[in-house]
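Quick note on our numbering: the sequence shown kicks off at 2 and runs consecutively.
Don't be surprised by glycine CBs; every beta carbon is placed ideally from N, CA and C.
Report on the following structure.
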Amino acid sequence: MSLSDSQVKAEKAGQGRRSVSVGNSLILVIESESRGGGKSFEGRMRFPPGRKGKQVPVRIGVYGKGLGKWSLREARDEWDRIKTWSRETGRDPRELKKEEQQDKVQQSSGPTFEQACESYLSNSTAKERTKQNYRNVLWNQVLPRFGAETPVEHLSWDHKGEGGKKGRELVMDYFRSVEVRAPVQAQTNLMVMRGVFDHAIDQGWMERDQNPALGTRGTKTKHQPKPHPSLRWDQLPQFFEELEGNKANGTLVMVGAVKVLFMTFLRVGSLVPMRWEELDTAEDLWVIPGNRMKNGQDHLVPLTDPLKDVLDSLRKVTGDEEFVFFSHRSRGTPHINPSSINQHLIRMGYKSVLRAHGVRSIPMTAGQDVLGFPAELIQRQLSHSIGDKVRKAYDRSEMLNERRKFMVSWCDALLAQGMKV
């Protein structure tokens with residue numbers, strides 16, 4: 002029997018989790034009172050079609066009004082769309098939502114909280130039942146509180162949002178509001194959020210010491226942030242040999258992205274959405290717009306000859322596209338996924354040995370020890386803030402000529418260590 006929107010709204014939470022059919026194999030899932038009593042929609046169908054097919058659940062979203070929520074009518078339309086796509090393509094209906102979520106992450110240099118949650122679950126090695134429990138916590142309780150479309154970086158420990166509260170304060174306000182009625186559930190929710198933020202840190206979407214959901218005892222003062230895995234200078238020749246050998250079967254675009262990453266040591270969120278129009282060939286500069294930089298300011302990358310050689314190779318493949326790192330493998334996405342560089346490093350055999358964000362420590366170290374450049378100059382090219390508040394307010398110098406000399410020496414040194422262009 003089909004339910005009306007008023008009937009869906011009138012459904013009350015009880016002691017246990019329950020499911021109510023709203024018609025056409027669309028289900029209203031109602032959480033228990035102890036878990037907040039949230040309501041969400043879920044479609045169920047057999048796949049492959051027929052009696053031998055297994056009944057699979059397809060999550061639609063949280064019931065309600067507002068950003069990231071679904072009315073009954075919207076949920077029905079969405080479920081019809083998913084079923085039609087599954088019948089026409091012969092594919093598992095769950096794959097459509099997963100692909101579309103990945104597309105959203107790829108199109109954004111700063112993923113939303115919902116996208117970070119989805120990426121966390123997709124990469125989790127937990128059992129399916131555990132992941133489903135985590136999903137219920139996130140979509141029924143956490144996301145409605147913090148907003149699905151909130152950039153995950155805006156929830157960082159020290160990020161000050163609307164009302165002047167920092168990310169840590171927002172998380173702890175939420176924790177205490179749940180703890181009053183369900184102490185055990187509050188700890189569980191905090192644990193799941195901690196995992197999401199740790200994953201965001203691993204992906205380079207948040208800084209490594211900015212997880213706002215650390216344990217409530219000892220928290221920040223006892224937290225010992227772990228640096229991102231990186232390579233020593235004497236390990237680069239072997240890495241570049243393996244990168245060029247391409248046993249990981251990466252595309253030319255992917256291998257080129259790794260080379261540009263080493264030459265520019267940018268955060269992946271600033272790197273992968275690179276557009277051809279950002280190159281100022283007259284001034285030999287790549288001008289990265291501030292909306293892709295952590296500090297919100299435009300960033301200048303001097304174009305060295307080796308860097309231009311790599312870009313020329315990429316232009317033969319993606320020169321007709323808007324994006325330098327255009328993705329031919331993804332459906333309707335403009336550029337490679339910010340997390341795909343780390344995935345390529347893993348396929349190369351460098352899991353737990355090197356991460357994309359860890360590349361940033363190599364020029365900071367070797368730039369001083371090997372090339373003899375001052376730390377402050379390298380920090381400027383890393384787009385780090387220099388000095389105290391007064392200096393930050395008044396020092397507008399760019400030291401572009403000195404930075405260009407460093408970048409030329411840096412790229413030449415990479416070639417001497419075995420990088421091929």
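Original post:
Can you tell me whether Gly196 is buried or exposed, with buried defined as 16 or more other CB within 10 angstroms of its CB?
Top reply: buried
**OP:** Could you tell me if Gln159 is buried or exposed, where buried requires 16 or more neighbouring beta carbons within 10 angstroms of its beta carbon?
**Re:** Checking the sequence shown, residue 159 turns out to be Asp, not Gln. So Asp159 ends up on the exposed side.
Original post:
In terms of residue numbering, what span does the beta strand (DSSP E) encompassing Lys10 cover?
Top reply: Lys10 -> not in any beta strand (DSSP E); alpha helix (DSSP H) instead, spanning 6-11.
**OP:** Would you tell me roughly how many angstroms separate the C-alpha atoms of Glu322 and Leu286, rounded to the nearest one?
**Re:** 20 Å
Original post:
Between the C-alpha atoms of Met408 and Met264, what's the straight-line distance to the nearest angstrom?
Top reply: 8 Å
**OP:** For my contact list, Met349 and Ala249 are in at a C-beta cut-off of 8 Å; report their separation, rounded to the angstrom.
**Re:** 5 Å
Subject >> Which residues DSSP lists as bridging Gln56, in chain order >> reply: Arg47
**OP:** May I ask you to verify whether the region 236-251 touches the region 369-376, counting CB pairs closer than 8 Å and requiring at least 3?
**Re:** no
Original post:
Are Arg426 and Arg136 close, meaning C-beta to C-beta below 9 Å?
Top reply: This structure leaves residue 426 out entirely; the chain is present only between 2 and 422.
Subject >> Through-space distance from Lys66 to Gly165, alpha-carbon basis >> reply: 26 Å
Original post:
Where do the N-terminal and C-terminal ends of the alpha helix (DSSP H) with Leu378 fall, by residue?
Top reply: 376-382
Original post:
In chain order, what residues of the same chain lie with their CB nearer than 8 Å to the CB of Ser5, ignoring the 5 residues before and after it?
Top reply: Leu73
**OP:** Can you have a look at His300 and say buried or exposed, based on whether 16 or more other CB atoms are within 10 angstroms of its CB?
**Re:** buried
Original post:
Since Glu115 and Glu150 are thought to touch, with beta carbons under 8 Å apart, how far apart are those beta carbons, to the nearest angstrom?
Top reply: 7 Å
Subject >> Buried or exposed by the 16-neighbour rule on C-beta atoms within 10 Å, applied to Ala283 >> reply: exposed
Original post:
What did DSSP end up calling Phe241 once you bin it into helix, strand or coil?
Top reply: helix
Subject >> Sequence ranges, beta strand (DSSP E) only - wholly within the region 282-364, length at least 3 >> reply: 286-289, 300-303
Subject >> Where Arg146 sits in the DSSP three-state scheme >> reply: helix
Original post:
By the 10 Å Cβ neighbour count, where 16 or more other Cβ atoms means buried, how is Glu89 classified, buried or exposed?
Top reply: exposed
**OP:** Indicate whether Val23 and Arg82 have their beta-carbon atoms separated by less than 9 Å.
**Re:** no
**OP:** Mind checking which residues open and close the alpha helix (DSSP H) that includes Arg82?
**Re:** 73-90
Original post:
Are there 16 or more other CB atoms within 10 angstroms of the CB of Lys260, so buried, or fewer, so exposed?
Top reply: buried
**OP:** Give every residue of the same chain whose Cβ lies closer than 7 Å to the Cβ of Lys434, excluding the five residues on either side of it in the sequence, and list them in chain order.
**Re:** Not covered by the structure: residue 434. The range shown for the chain is 2 to 422.
**OP:** Let me know the secondary structure DSSP gives Phe407 once reduced to three states.
**Re:** helix
Original post:
Counting pairs of beta carbons, one from the region 310-319 and one from the region 176-192, are three or more of them closer than 8 Å?
Top reply: no
**OP:** Verify whether the separation of the beta carbon atoms of Glu129 and Lys99 is less than 9 Å.
**Re:** no
Original post:
Who does Lys40 pair with in a DSSP beta bridge?
Top reply: Ile31
Original post:
Which residues mark the beginning and the end of the alpha helix (DSSP H) in which Val269 is found?
Top reply: 269-272
Subject >> C-alpha distance - Ser361 paired with Arg381, whole-angstrom precision >> reply: First, the amino acid is wrong: residue 361 is Arg here, not Ser. The straight-line gap from Cα to Cα measures roughly 12 Å.
**OP:** Given a cut-off of 9 Å, decide if Ile337 and Ser328 are closer than it, judged by their beta-carbon atoms.
**Re:** yes
Original post:
Cβ atoms of Gly205 and His385: under 9 Å apart, would you say?
Top reply: no
Original post:
Would the beta-carbon of Glu34 fall within 9 Å of that of Ser20?
Top reply: no
Subject >> Identity of the residues DSSP links to Gly62 by a beta bridge >> reply: Phe42
Original post:
Does DSSP classify Val106 as helix, strand or coil?
Top reply: Only weak support is given to the placement of Val106: the predicted model assigns it a pLDDT of 45, under 50, and the value that follows is read from those uncertain coordinates. DSSP places Val106 in helix when its eight states are reduced to three.
**OP:** Name the residue from Leu272, Thr319, Trp234 whose alpha carbon lies nearest to the alpha carbon of Thr366.
**Re:** Trp234
Original post:
What separation, rounded to the nearest whole angstrom, lies between the Cα atoms of Gly162 and Leu416?
Top reply: 44 Å
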